[in-house]
Amino acid sequence: MPHLAVEDLRASYGALEVLRGISFSVEKGELVALVGPSGSGKSTVLRVLMALNPPSSGRVQIDDISIDYGKSGSVRAARDRMAVVFQQYNLFQNMNVMDNVTLAPRKIKKWPVAEVEENARALLAKVGLTDKHDAYPDELSGGQQQRVAIARALALKPEILLLDEVTSALDPELVNEVLDTIGELAADGMTMILVSHEMGFVREVASRVIMMDAGEIIETGTPAELFDAPKSQRAKQFFSKVLRH
Amino acid sequence: MERILEQIPRFFTFRNMELLLEAAGMTLAITSVGCIIGFGLAFVLVYLRQTPGKWAAPLRFLCIAYVEIFRRIPFLVVIYLVLFFIQAFIADASLFTIAVIAICTYAIAYTAEIIRGGLESVPREQVEAARAMNLSRFQTTTQIVLPQAWPVIIPPAIAFAVSFIKDTALVSQIGVFELTFRGKELNNQGYSGILVFGTIAMCYFAISYPLTRYGQHLETRLATSRGRRSARKLRRT
Amino acid sequence: MNYTFQYGVVWRDFDVLIDGALLTFQLGVMSFWGGALIGLFCAAVKTYGQRVFGILVDFYVVFITNTPALIQIYFLYFGLPEIGIRWSGELCVVIGLTLNAGAYLTLIMRAGFLSVRRTELEAAETIGMSRLQQIRFVIVPHIAKTIYPALANFFIVILVMGTSIGAIIGVDELTGQAINLSTVNYRWLEYFTIAALMYVVLTFIASIGLALLGRWAFRVKAKVF
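Protein chains in written order, with this note's numbering: chain A, 211 to 455; chain B, -3 to 233; chain C, 513 to 737.
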C-alpha cells in the first residue's frame, strides 16, 4: 500500500476547473517532484492536500486513513500528518525564529516544552541558523527565512513534507542554501512532494517526476525518463523549453 | 454684556469649579467605560462575522446589519431607545448604566469596522500558514492575526473614542450629571449662557485637544516604527 | 417584562414623522452646503493665502473640532440672546451645524488641495493650458475625485448625527417629532424604533444618490455600504 494515494482529485476556482482528475501515489521515503508550466495546477495539488482549497471530488488516502475534506476532524488528521513550506515562507511576522518553530509543537501537538525546544535547536542547527533564534522574520534574508520555514515544518515531525516552489521567491544567490537543505532531507529518507522549477535540482534528487499541464497529469516517470525521453508532445515541448539553458 | 462681566466673579467660585471638574470626570468616565466595553464587544462581533460556513450565514447577516443600522441612526435616538427599552424591562437601572450601554451600543458599530479593517490588513498567507499547522480559527486570530493588526487598529480606535467624548454631550438629555448637563443647570440658575457654555466648551477643549494630539503622535509613531521595519527588510533582502 | 408593543398609533402619525424626515433632510443639505463653502474658502486660504490668515483658519478648525456641536448650538441658542441676537431654533441649528461642518470640511478639502501634484500642473502648462483651464480641467476634477468619498461620508454624518441635535432645542425634525409625539401618549419605544428605521432608510437613499452622482459626475466609485 502506498504511503499517500491520490485518486481522481478535482478542484475549481469558481467556474474554472484547475484540477481535472489527478491520480498519483507516493511511497515512503520518496521525493516526488511536480513540474509543469505555471498555472498547470501543481501548487493547487499541495493546497488541496493541506485543505487550504477544498477539492470538489476525489479521494485522498494516507496509509489506511481516507481523508474527508468536508469534515474538520479529518482535515485535522491530514494536517497532523503533513506539513507545508510556502513559496513566500509565511513566517509569523510577530514572532521570533524560535517561537515560529516551537508554536505548533507546543500549542497543538502539546509535546513537552523542553523536548520541543531541544528539537527546535537541533533543526535550526541543521538548516544552519544556530545564531538566529531571537531574530524576527523581517531581520532575515529570504533564504534564511525559507530555511526557518523548513525547520518550522519539520518541527511538527510530519510524515510527508510538501514544498511549494520554495525557491521561486529567492534571489539567485540564495537558492542553493535552501536546495542543499532539501537535498539533505532527501538523503535522510524524508517523504516529500516538491513543486519546483529548478530542473537541475529535480533531476538530481527526485525519485519520480510528475509532469502536469492544464490541471492534468501528462506524464510520470523517473527524472531520466522524463527529461531525456519524454513520450508525449506536451512534455517534449515543456522540457525542451525549460532544459534549454 | 455688563451682566456677563458682573457675573464672572460669582461664576468662577470654588464650588462651581468643583462641580465642573466632577462633571468632566463623569464625561470621561462614561466615554471610556462605554468605549472600552464597546471595543471588546466589537471584537466578538467581528469574530462572529467572519465565521465560515453555510450554516453561519444568518449570523454573518445579523452582524453586518447591526453595524450598518447603528451607523445610520443618530446617537440621540440610540440614547432614547436604550433608555426606554431598559426602563420597559428593568425598573431601577441607573442613568450611568443606561448612558454607558448607549455609548457602548454605538461604539460597537463604529469600532467593528476599524477592527475588521485591521484584521483584514494582515496578509491571508499568515492565516493559511497557521491553519496548515492545525491552529484553530480562534488561536489563529489571537496568536497570529491580532498581534499584527494592533498597529492598524489602535490609532483610529483612539481617534474614535476621543472624538466620541464630544458626542457624549447628548446623554445630558436623559439627565446624566456630565459636563453639558451641569452647564444647562448653571444656565438655568441664571448664569449667562455665553459665560456658561463658553466655559463648558473650554472644558471639552481641555480634554479633547491633548488627547487628539496624543492620538496623532501615537499614529505617526506606530507608522514610522512599521516603516523602519520594512526599510530594514528592504536592506536585508 | 410586561411591555407590549403597539404600533397602531405610530402609523396614524406617520405623516408627521415624514414631515420631520423632510426637515431633517433640508437641515442636512443646507448645513452641508454652507459648510462646504466655508471649507472650500478656508482650505484655499490655508493653501494659497498669507500665513496670518492660515493661522486664523487653524484656530477656527482646532476650536470647532475639539468642542461638541451641541455646546456650539447651545451657545447660539441660549447665549446670543444676551447680546440681543435672537435666532429661531432652526436658524441656530443651521448656523451652528454650518460652522461645525465648515471646520471638518476644511480638513477634507485641504487634503484635496494638497493632493494636486506639481507635476500634473506642469504637464498642463506644457500643453498650453491657461490658469483658468488648469483649474477647470485639472485641479477641480482631481480634487473632486480625491475627496468625493470623504465628502459623501461626511454628508451622512451631518444628516444623522448633526441634525438630530435640533430636537434638543425644539426643532421639529425627525427626532424632534418622535419626542413630540411620544410625550402625548408615552409610546416612546414604538415612535423611536420607527424614527430609527426612517433614519436608516433616509441615509440609504442619500448614500445611493451620492454614489450615483459620484459615478456620473466624477467617475468615482463611492461605496453605498
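Just so it is clear, CB atoms sit at the ideal spot from N, CA and C, and this is done for glycine as well.
From a predicted model like this one, the values you see are computed outputs, not experimental measurements.
- In the DSSP assignment, residue 218/A falls outside any alpha helix (DSSP H) and within the unbroken beta strand (DSSP E) covering 214 to 223.
- Between residue 715/C and residue 668/C, the CB-CB gap stays under 8 Å.
- A direct Cα-to-Cα measurement between residue 177/B and residue 526/C gives close to 32 Å.
- Secondary structure at residue 173/B: coil, using DSSP grouped into helix, strand and coil.
- Buried is the label assigned to residue 422/A, since at least 16 other Cβ atoms lie within 10 Å of its Cβ.
- For the stretch 317 to 338 of chain A, the set of positions with a beta-carbon nearer than 9 Å to some beta-carbon of chain B reads 317, 318 and 319 in chain order.
- Cβ proximity to chain C below 9 Å picks out 165, 166, 168, 169, 175, 176, 179 and 180 from the stretch 165 to 180 of chain B.
- About 7 Å separates the beta carbon of residue 370/A from that of residue 403/A, a gap short enough to meet the 8 Å contact definition.
- For residue 407/A, there are no CB contacts under 6 Å within the same chain when 5 residues up- and downstream are skipped.
- Inter-segment contact for the stretch 622 to 629 of chain C and the stretch 699 to 713 of chain C is absent: fewer than three beta-carbon pairs are separated by less than 8 Å.
- In the structure shown, the three-state DSSP call for residue 25/B is helix.
- A direct Cα-to-Cα measurement between residue 411/A and residue 119/B gives close to 31 Å.
- Spanning the alpha carbons of residue 52/B and residue 148/B requires a straight line of approximately 27 Å.
- Beta-bridge analysis with DSSP links residue 374/A to 405/A.
- At the C-beta level, residue 522/C and residue 702/C come within 8 Å of one another.
- Contacts with chain A at 8 Å (Cβ-Cβ) include residue 124/B.
- Between the stretch 69 to 78 of chain B and the stretch 156 to 171 of chain B there are three or more inter-stretch CB-CB distances shorter than 8 Å, so the stretches are counted as touching.
- For residue 304/A, the closest Cβ of chain B is nearer than 8 Å.
- Secondary-structure assignment with DSSP links residue 243/A through a beta bridge to 404/A and 419/A.
- Pairing residue 27/B with residue 576/C, the inter-Cα distance amounts to about 20 Å.
- A straight-line Cα-Cα distance of about 10 Å links residue 366/A and residue 130/B.
- The stretch 201 to 219 of chain B and the stretch 140 to 155 of chain B touch, with three or more beta-carbon pairs separated by less than 8 Å.
- Going by DSSP, residue 708/C is part of the alpha helix (DSSP H) stretching over 700 to 730.
- At a cut-off of 8 Å, the C-beta of residue 520/C has no neighbouring C-beta in chain B.
- When only Cα atoms are considered, residue 418/A and residue 440/A end up about 14 Å apart.
- Around residue 337/A, the same chain offers 357, 358, 360, 361 and 391 as residues with beta carbons nearer than 8 Å, after the five sequence neighbours per side are excluded.
- Closer than 8 Å to the CB of residue 72/B there is at least one CB belonging to chain C.
- Look at residue 721/C: its C-beta is not under 8 Å from any C-beta on chain B.
- Counting the other CB atoms within 10 Å of its CB gives residue 700/C a total of 16 or more, which places it among the buried residues.
- Taking the beta carbon of residue 673/C as reference, the chain B residues within 8 Å of it are 70, 71 and 163, listed in sequence order.
- Residue-level contact check: residue 211/B does not touch chain C, since none of the beta carbons of chain C fall below 8 Å from its beta carbon.
- Within chain B, no residue has its beta carbon less than 7 Å from that of residue 228/A; the closest one is some 17 Å off.
- For residue 155/B, the closest alpha carbon among the candidates 139/B, 106/B, 98/B and 64/B is that of 106/B.
- Distance from the CA atom of residue 224/A to the CA atom of residue 46/B, rounded to whole angstroms, is 20 Å.
- With respect to chain B, the C-beta atom of residue 540/C has no partner C-beta closer than 8 Å.
- Flagged as an interface residue toward chain B: residue 591/C, by a C-beta distance shorter than 8 Å.
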